[in-house]
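Number of protein chains: 2
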Amino acid sequence: MGLTDLVAQFIRSALESDQSLELRRGELAERFGCAPSQINYVLSTRFSPEQGYIVESRRGGGGYIRIRRVEAGPRLILMHALASVGSSIDAASAAAVLTNLDAAGAITPAEGRLMAAAMSERALAGVPAERKGTLRAEIFKQMLLACADAG
Amino acid sequence: MGLTDLVAQFIRSALESDQSLELRRGELAERFGCAPSQINYVLSTRFSPEQGYIVESRRGGGGYIRIRRVEAGPRLILMHALASVGSSIDAASAAAVLTNLDAAGAITPAEGRLMAAAMSERALAGVPAERKGTLRAEIFKQMLLACADAG
DNA sequence: CCTCCTTTGACCTTTTCTGACCTTTATTAT
DNA sequence: ATAATAAAGGTCAGAAAAGGTCAAAGGAGG
Numbered sequence: 012m013g014l015t016d017l018v019a020q021f022i023r024s025a026l027e028s029d030q031s032l033e034l035r036r037g038e039l040a041e042r043f044g045c046a047p048s049q050i051n052y053v054l055s056t057r058f059s060p061e062q063g064y065i066v067e068s069r070r071g072g073g074g075y076i077r078i079r080r081v082e083a084g085p086r087l088i089l090m091h092a093l094a095s096v097g098s099s100i101d102a103a104s105a106a107a108v109l110t111n112l113d114a115a116g117a118i119t120p121a122e123g124r125l126m127a128a129a130m131s132e133r134a135l136a137g138v139p140a141e142r143k144g145t146l147r148a149e150i151f152k153q154m155l156l157a158c159a160d161a162g
Numbered sequence: 012m013g014l015t016d017l018v019a020q021f022i023r024s025a026l027e028s029d030q031s032l033e034l035r036r037g038e039l040a041e042r043f044g045c046a047p048s049q050i051n052y053v054l055s056t057r058f059s060p061e062q063g064y065i066v067e068s069r070r071g072g073g074g075y076i077r078i079r080r081v082e083a084g085p086r087l088i089l090m091h092a093l094a095s096v097g098s099s100i101d102a103a104s105a106a107a108v109l110t111n112l113d114a115a116g117a118i119t120p121a122e123g124r125l126m127a128a129a130m131s132e133r134a135l136a137g138v139p140a141e142r143k144g145t146l147r148a149e150i151f152k153q154m155l156l157a158c159a160d161a162g
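Chains as they are written, first to last, in the working numbering: chain A, 12 to 162; chain B, 12 to 162.
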């Protein structure tokens, strides 16, 4: 088993006792004798939102990385929606996803309207056509993540 | 938790009982065993006007620092928010506006997080720096409109 | 050989904290 | 009154302490 999986396993087992985990990137890297950036690799390949994890971090003195596991329920539905968005999406498809989320009770109608507004043609007017889809997807994902964050 | 957050917490809790607080920079610094200028750092990063605080001070003998929390009515705050957005805004300022809207009860915390996410650097990465502010402002306004629409 | 996943290292950004030096105000001495 | 001194607080640059990004090298499997 490679380094990546070792670190991933370490994190997963730590998450079994506590459902939220806070760690220092540098410390963890030292413990496994690897480059700090390796930790970022582990996080992005093994603890992505699509895989049901929320990762937050802070730089500077006293910085940290916090990892949370998302359990079944509305939050997990949001994560699945997030995974389905992909790297680009048009306004109509986004609206459809929102309708489903609302129907499933994962978001409130108000939240749906808010997100639709953020991704509307009107809001994104001025963005070159070939970039709109990508940008919309990025905004959508960040918003869905924020929703899951709140739960 | 770092020094900055300790001091900030101390001040916030003092502000809970009294809505205006007066203190000596030197005393506070000594109590926390730090450089006096550290207090200025705390004030400028945690108690800025954008975050809803007014800080006044006086030098010289008998000098002091006075901190007040500003609270306006929801309507006034919302108007102010709309006006303050203008044609361009950065992520930090937008976040501060949202904090105030939340504190004034004009939006829910969940809505605040959602909007912050939609305008985050992360969501808008990939947008040329010189267009980011404008786009963020556009998205912000559309979202605020949607909020007003719903509310 | 070719491709995909891993791993590293160089360089970047953000946040905190301190120390040296400056300005303002009050008090005290002449 | 005026001048000197003491007692605040203000500013700013820089060091230190995190974490982030990205391209390139390394390796395993087909």
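In this text, a Cβ means the ideal position worked out from N, Cα and C, and glycines have one as well. Just so we're clear, the structure is a prediction, and the values are computed from it rather than from any experiment.
The beta carbon of B/Q30 sits closer than 8 Å to those of R79, R80, all from its chain and outside the five residues before and after it, given in chain order. Between A/S131 and chain B, the shortest Cβ-Cβ separation is below 7 Å. For A/I22, the closest Cβ of chain B is not nearer than 7 Å. The beta carbon of B/A115 sits no closer than 7 Å to any beta carbon of chain A. Only T145, L146, E149, I150, F151, K152, Q153, M154, L155, L156, A157, C158, D160, A161 from the segment 144 to 161 of chain A bring a Cβ to less than 9 Å from some Cβ of chain B.
Within chain B, the residues E149, I150, Q153 have their CB atoms less than 7 Å from the CB of A/A134, given in chain order.
What A/E38 touches in chain B, judged by beta-carbon distance under 7 Å, is nothing: the nearest beta carbon there is about 16 Å away. For B/R57, the closest alpha carbon among the candidates B/A107, B/A83, B/G97 is that of B/A107. Taking 7 Å as the CB threshold, A/L89 stays off the interface with chain B. For A/I78, the enclosing beta strand (DSSP E) begins and ends at 75 to 80. Per DSSP, the beta-bridge partners of A/S31 are A/R79. The alpha-carbon of A/S55 is positioned some 31 Å away from that of B/E149.
Chain B places no beta carbon closer than 7 Å to that of A/R77, leaving this residue out of the contacts. Taken atom to atom, the span from the alpha-carbon of A/G116 to that of A/L109 is near 10 Å. The beta-carbon separation of B/Q49 and B/L14, rounded to 7 Å, stays under the 8 Å limit for a contact.
Under the three-pair Cβ rule at 8 Å, the segment 121 to 128 of chain A does not count as touching the segment 93 to 105 of chain B. Counting only Cβ-Cβ distances below 9 Å, A/R86 has no contacts in chain B at all, with the closest Cβ about 13 Å away.
The C-beta of B/A92 comes no closer than 7 Å to any C-beta of chain A.
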